[in-house]
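Engineer: Let me give you the structure first, and then I'll get to my questions.
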Amino acid sequence: MNKDSRVLVLGSGGLVGSAIKADLLARGYTNLLTPLRAELNLLNQADVQTYFANKKPEYVFLAAAKVGGILANNTYRADFLFENLAIQNNVFEASFKNKVTKLLFLGSSCIYPKACPQPMKEEYLLSGPLEQTNEPYAIAKIAGLKLAENYKRQYGCNYVSVMPTNLYGLNDNFDLNNSHVIPGLIARLKKHIDEKKDVFEVWGTGRPKREFLYVDDMARACVFVMEYDKETPDWMNIGTGEDISIGDLAALIAKKMNYAGKIRYNMDYPDGTMQKLLDISKIKNLGWKPTVSLDEGLDRVIKHYLQNHGKN
């Protein structure tokens with residue numbers, strides 16, 4: 164991938180896509196294509212085909228997806244399955260027909276079985292039932308991963324997939340109900356502080372353990388894989404290799420936000436999988452490793468949220 168290569172970043176307005184775009188610009192890439200939804204509707208097959216035929220991208224980062232937390236995934240199950248399948252199918256087909264040089268597909272750690280051995284290795288895929296709360300999203304991501312694998316096997320396409328753990332960062336969705344764990348905790352805790360409440364409710368039991376990767380590290384990993392000019396595995400896990408319980412995470416965020424109240428767990432909400440820790444040895448063996456600790460990343464995100472979203 165040369166600095167003047169035509170590089171298409173799909174999902175450039177989202178958490179991961181915006182970080183990939185920023186990383187590419189910082190590295191000196193000068194010919195980026197970063198269409199937002201108003202310019203390119205990825206759910207429309209004809210629109211995607213026309214865009215690829217006109218723009219002729221050489222490298223494609225497929226970071227666009229319909230995403231959300233446990234509640235959103237479990238509520239909008241058909242939407243998560245249909246829309247993600249449509250996006251993936253349209254982009255893969257257009258990439259193939261327009262002879263894209265290399266495509267990077269972003270999956271998710273939820274592709275692995277609910278009772279998966281820990282840490283989760285790539286070869287554990289399809290070895291058991293999925294977690295029910297986000298099964299439709301997981302099935303869509305498995306389909307995308309398998310599309311990449313089989314375009315490569317049947318046609319020799321240079322398509323590769325990366326499976327990130329839970330991501331967080333400055334451009335996250337801080338919606339009070341439909342966000343991921345870290346931004347949701349930060350936004351809801353700020354609301355509790357503003358309302359001077361002395362009890363903060365955390366959904367579930369607090370016992371599940373999760374791994375969190377700062378999105379700038381994820382972007383670096385994606386660009387690293389795209390620039391890598393030797394053979395790689397068909398898909399690779401991207402994470403930190405470390406996890407933390409939701410209860411300990413909530414307590415850490417509360418401490419960083421100077422919240423002195425109590426934390427109560429609402430067991431009416433599902434926990435999801437009890438542990439999701441990725442084995443990241445494959446990408447580490449290629450030469451990549453994370454650089455931002457959870458402690459440092461939380462400091463950045465909390466500061467950003469309070470300055471830009473959390474004003475009274």
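Take the position in the sequence shown, starting the count at 1, then add 163; the result is the number in the working numbering.
Backbone N, C-alpha and C define an ideal beta-carbon position, used for all residues, glycine too.
These figures come from a predicted structure and were not determined experimentally.
Which of the three DSSP states, helix, strand or coil, is assigned to LEU333?
Structural biologist: The count along the sequence shown starts at 1 and reaches residue 333 at position 170. Three-state result, LEU333: coil.
Engineer: Which residues bound the alpha helix (DSSP H) around VAL378?
Structural biologist: Against the sequence shown, residue 378 aligns to sequence position 215. Its alpha helix (DSSP H) spans residues 378 to 390.
Engineer: Indicate whether ASP442 and MET283 have their beta-carbon atoms separated by less than 8 Å.
Structural biologist: The residue labelled residue 442 in the question sits at position 279 within the sequence shown. The residue labelled residue 283 in the question sits at position 120 within the sequence shown. Contact flag set, yes.
Engineer: Could you please give me the residues that DSSP links to SER408 through a beta bridge?
Structural biologist: Position 245 of the sequence shown holds residue 408. According to DSSP, which records beta bridges pairwise, SER408 is partnered with LYS372.
Engineer: Where do the N-terminal and C-terminal ends of the alpha helix (DSSP H) with GLU256 fall, by residue?
Structural biologist: Residue 256 sits at position 93 when you count from the first residue of the sequence shown. Segment 240 to 260, the alpha helix (DSSP H) holding GLU256.
Engineer: Does the segment 298 to 305 come close enough to the segment 313 to 321 that 3 or more CB-CB pairs lie under 8 Å?
Structural biologist: Judged by pairs of C-beta atoms under 8 Å, the segment 313 to 321 does not touch the segment 298 to 305, as fewer than three such pairs exist.
Engineer: Which residues in the same chain have their Cβ closer than 6 Å to the Cβ of THR395, if we skip the five residues on either side of it in sequence?
Structural biologist: Position 232 of the sequence shown holds residue 395. The residues are VAL323.
Engineer: Going by alpha carbons, who is nearest to LYS277 out of HIS343, ALA216, GLN295, GLU285?
Structural biologist: As a working note, residue 277 is residue 114 in the sequence shown. For the residues HIS343, ALA216, GLN295, GLU285, the minimum Cα distance to LYS277 belongs to GLN295.
Engineer: Under 8 Å between the Cβ atoms of VAL344 and LYS425?
Structural biologist: Here residue 344 refers to the residue found at position 181 when the sequence shown is read from its first residue. Here residue 425 refers to the residue found at position 262 when the sequence shown is read from its first residue. Cβ distance not < 8 Å, so VAL344 and LYS425 don't count as in contact.
Engineer: Tell me whether ARG427 is buried or exposed, calling it buried when 16 or more other Cβ atoms sit within 10 Å of its Cβ.
Structural biologist: The residue you call residue 427 lines up with position 264 of the sequence shown. In this structure ARG427 is exposed. Its beta-carbon is surrounded by fewer than 16 other beta-carbon atoms within 10 angstroms.
Engineer: What residue from LEU288, ALA413, GLU390, THR436 has the CA that sits closest to SER168's CA?
Structural biologist: By 1-based counting over the sequence shown, the position of residue 168 is 5. The residue with the shortest Cα to Cα distance from SER168 is GLU390.
Engineer: Where does the unbroken alpha helix (DSSP H) through ASN400 begin, and where does it stop?
Structural biologist: In the sequence shown, the residue the question calls residue 400 occupies position 237. No alpha helix (DSSP H) contains ASN400, which is instead part of the beta strand (DSSP E) from 398 to 401.
Engineer: Pick out whichever of GLY270, ASP462, VAL254, ALA384 has its Cα sitting closest to the Cα of LEU412.
Structural biologist: Mapped onto the sequence shown, residue 412 falls at position 249. Selected option, being the one with the closest Cα: ASP462.
Engineer: So, under 8 Å CB-CB, TRP398 and LEU308 are touching, yes? Tell me the CB distance rounded to an integer number of Å.
Structural biologist: For the purposes of this step, residue 398 is taken as residue 235 along the sequence shown, with counting starting at 1. For the purposes of this step, residue 308 is taken as residue 145 along the sequence shown, with counting starting at 1. Yes, they are in contact, since the Cβ atoms of TRP398 and LEU308 sit about 5 Å apart, within 8 Å.
Engineer: Pop quiz: VAL223 and VAL263 are said to be a contact at Cβ under 8 Å. What is the actual Cβ separation, rounded to whole angstroms?
Structural biologist: Counted from its first residue, the sequence shown places residue 223 at position 60. Counted from its first residue, the sequence shown places residue 263 at position 100. So it is a contact: roughly 5 Å between Cβ atoms.
Engineer: Straight-line CA distance for VAL365 to LEU348?
Structural biologist: For the purposes of this step, residue 365 is identified with residue 202 of the sequence shown, where counting begins at 1. For the purposes of this step, residue 348 is identified with residue 185 of the sequence shown, where counting begins at 1. About 8 Å.
Engineer: Would you check if the segment 365 to 384 and the segment 166 to 185 touch, i.e. whether three or more CB-CB distances between them fall below 8 Å?
Structural biologist: yes
Engineer: In this structure, does DSSP put PRO433 in helix, strand or coil?
Structural biologist: For this step, residue 433 is matched to residue 270 along the sequence shown. Note: PRO433 maps to coil in three-state DSSP.
Engineer: So GLU364 is in the beta strand (DSSP E); what residue range does that whole segment cover?
Structural biologist: Counted from its first residue, the sequence shown places residue 364 at position 201. That run of the beta strand (DSSP E) goes 362 to 366.
Engineer: Starting from the Cα of LYS372, find the closest Cα among PHE387, GLN438, THR328 and give me that residue.
Structural biologist: Position 209 of the sequence shown, counted from the start, is the residue given in the question as residue 372. The shortest C-alpha separation from LYS372 is found at GLN438.
Engineer: Going by beta carbon distance, what residues of the same chain come within less than 7 Å of VAL455, once the five residues before and after it are set aside?
Structural biologist: Mapped onto the sequence shown, residue 455 falls at position 292. Excluding sequence neighbours, VAL455 sits near TYR377, ASP379, ASP380.
Engineer: Pull up the CB-CB distance for PHE337 and TYR422, whole angstroms please, since I reckon it's below 8 Å.
Structural biologist: Taking the first residue of the sequence shown as position 1, residue 337 is located at position 174. Taking the first residue of the sequence shown as position 1, residue 422 is located at position 259. Not a contact, Cβ separation roughly 17 Å.
Engineer: Over what stretch of residues does the alpha helix (DSSP H) that includes TYR422 continue unbroken?
Structural biologist: Position 259 of the sequence shown, counted from the start, is the residue given in the question as residue 422. Unbroken run through TYR422: none, as it is neither H nor E.
Engineer: CA-CA distance, LYS123 and ALA382?
Structural biologist: Because the chain spans 164 through 475 in this model, residue 123 falls outside it and cannot be assessed.
Engineer: For ASN329 and PRO280, I'd like the C-alpha separation in whole angstroms.
Structural biologist: Taking the first residue of the sequence shown as position 1, residue 329 is located at position 166. Taking the first residue of the sequence shown as position 1, residue 280 is located at position 117. ASN329 and PRO280: Cα-Cα distance of roughly 18 Å.
Engineer: Hey, how far is the Cα of LYS447 from the Cα of GLY402?
Structural biologist: By 1-based counting over the sequence shown, the position of residue 447 is 284. By 1-based counting over the sequence shown, the position of residue 402 is 239. Using only the alpha carbons, I get a separation of about 10 Å.
Engineer: Name the DSSP beta bridge partners of PHE224, please?
Structural biologist: By one-based count along the sequence shown, residue 224 stands at place 61. DSSP, once it has assigned bridges, lists VAL172, LEU267 as partnering PHE224.
Engineer: Between ILE409 and GLY367, which are expected to be in contact by the criterion C-beta below 8 Å, what is the C-beta distance as a whole number of angstroms?
Structural biologist: The sequence position of residue 409 within the sequence shown is 246, counting from 1. The sequence position of residue 367 within the sequence shown is 204, counting from 1. Correct: roughly 6 Å between the Cβ atoms.
Engineer: Could you give the DSSP three-state label for PRO276: helix, strand or coil?
Structural biologist: Here residue 276 refers to the residue found at position 113 of the sequence shown. DSSP places PRO276 in coil when its eight states are reduced to three.
Engineer: Would you tell me roughly how many angstroms separate the C-alpha atoms of PHE215 and ASN194, rounded to the nearest one?
Structural biologist: The residue you call residue 215 lines up with position 52 of the sequence shown. The residue you call residue 194 lines up with position 31 of the sequence shown. Roughly 15 Å between the two C-alpha positions.
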